[in-house]
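Reviewing the structure listed below.
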Amino acid sequence: MNDPIRKKKPWMETAFFYAICLPLVFMFFLWACDPSSTGQPLSASSIEHSFDATPTITPQYIIFRDDFNDPLDSAWEWENEDVSRYRVTQDGWLKITGGNKSVLNGGKQSNLLWIALPGGRFEISIHLKAEPLFDYQRAGVLLYQDTDHFVNLNRGYCLQCVLGGNGIFLEYSLNDQHGRYVTAATASDLYLMLTVEKGAISAFFAVEGDQWQYIASLKSDIPFERAALSVTNDTAWNNGYDLIGMFDYFEIRSPTRIAPTPTPGLFQQASSKMEKFKPNKKRAPRLKAAES
């Protein structure tokens, strides 16, 4: 007489195989296809960028970063330090109050904060808050060799410049080429970035999120060795309103190949000779000075 249990046993073995082995095969397939399982870093284009105090850019890209917690990183060096006109706030911002002289005009600018730059290709980015109200106040990041060789990306005010008034300015003097790119902008909280590679320096800005806007690229074979955070009134004619620059972080990183949005239509280039920054007392600023 045939045993009914023996007739069911092959079917039960098959069911056990599919129930146990197939999920294991599927899990192995997922593991094999995961690019992070290889032990190699993800490509730069796959990294999600954010621009708060703790960006998601992975550590292997970061060369140097300071979130401005007291004390400042020892890599920094002050020039013409005035301790009464800068401080680190409790919530991690470096606050610099501008003086009336500018290094771009050969002046003895106070509280320039310098750092040595790496060689090769890299990116510099900052998170900045500044509200310039008078000619020719500006705050931002500066690549500098001397008064004939510099690149300055800043949030500034220049009523006499192209698209006069509030704006984002890319000023440069490189190998006897002088000029300025500018667009009208009133944002007081923004991000600035310079990318440096062989033969070119490119500038970007973002007002919110990762919406980088491309400003311009400059031909340059100058191996800039240092950069600075710079805040200046650039004139004593400011009705007692000194520009304050608030820096949330400063970062140098390897190129991340950020894909910016197209160049805004309002960007223009000034004449080949940059206008000299001279106060024009006949033209009042568009905005009133805020209460200190």
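For the sequence shown, this note's numbering begins at 1 and goes up steadily by one.
Beta carbons: idealized from backbone N, C-alpha and C, even for Gly.
Owing to the predicted nature of the structure, the values given are computational and were not obtained by experimental measurement.
- Under the Cβ criterion (8 Å, minimum of three pairs), the region 233-244 does not count as touching the region 182-190.
- DSSP, reduced to helix, strand and coil, places Y61 within a helical segment of the structure shown.
- Sequence-distant partners of Y61 (beyond 5 residues in either direction) whose C-beta falls short of 7 Å from its own C-beta, in its chain, are R253, S254, T256.
- By the Cβ neighbour-count rule, P132 is buried, with 16 or more other Cβ atoms within 10 Å of its own.
- The straight-line gap separating the alpha-carbon atoms of P71 and G240 is approximately 30 Å.
- Apart from the 5 residues on each side of it in sequence, R65 sits with its Cβ closer than 6 Å to the Cβ of E251 in its chain, given in chain order.
- Judged by their CB atoms, I168 and T186 are not nearer to each other than the 7 Å cut-off.
- Under the three-pair Cβ rule at 8 Å, the region 94-108 does not count as touching the region 204-214.
- The straight-line gap separating the alpha-carbon atoms of D148 and N175 is approximately 8 Å.
- Cβ-Cβ separation between N80 and K108: approximately 6 Å, consistent with a contact (criterion under 8 Å).
- In the three-state scheme derived from DSSP, where H, G and I count as helix and E and B as strand, N239 is classed as coil.
- In the DSSP annotation of this structure, F68 is not part of any beta strand (DSSP E), being labelled neither H nor E.
- Your pair A203 and L194 checks out as a contact, with CB atoms roughly 6 Å apart and the cut at 8 Å.
- Per the C-alpha coordinates, the member of G199, G245, N238, D242 positioned closest to R121 is G199.
- In this chain, S188 is not harboured by any beta strand (DSSP E), its DSSP state being neither H nor E.
- According to the DSSP assignment, K198 belongs to no beta strand (DSSP E), since it is labelled neither H nor E.
- A direct Cα-Cα distance of roughly 20 Å separates R138 from I201.
- In the structure shown, the three-state DSSP call for S125 is strand.
- Here the alpha carbons of W114 and A75 stand approximately 9 Å from one another.
- In summary, E225 is exposed, with fewer than 16 beta-carbon neighbours lying within 10 Å of its beta-carbon over all protein chains present.
- Leaving aside the five residues that flank T89 on each side, the residues in its chain whose CB is nearer than 7 Å to its CB run, in chain order, K95.
- Spanning the alpha carbons of I215 and N152 requires a straight line of approximately 13 Å.
- Judged by DSSP in its simplified three-state form, L170 adopts strand.
- If you look at G156, you'll find it in the beta strand (DSSP E) that goes 149-158.
- Here S84 is exposed. Its C-beta has fewer than 16 other C-beta atoms within 10 Å.
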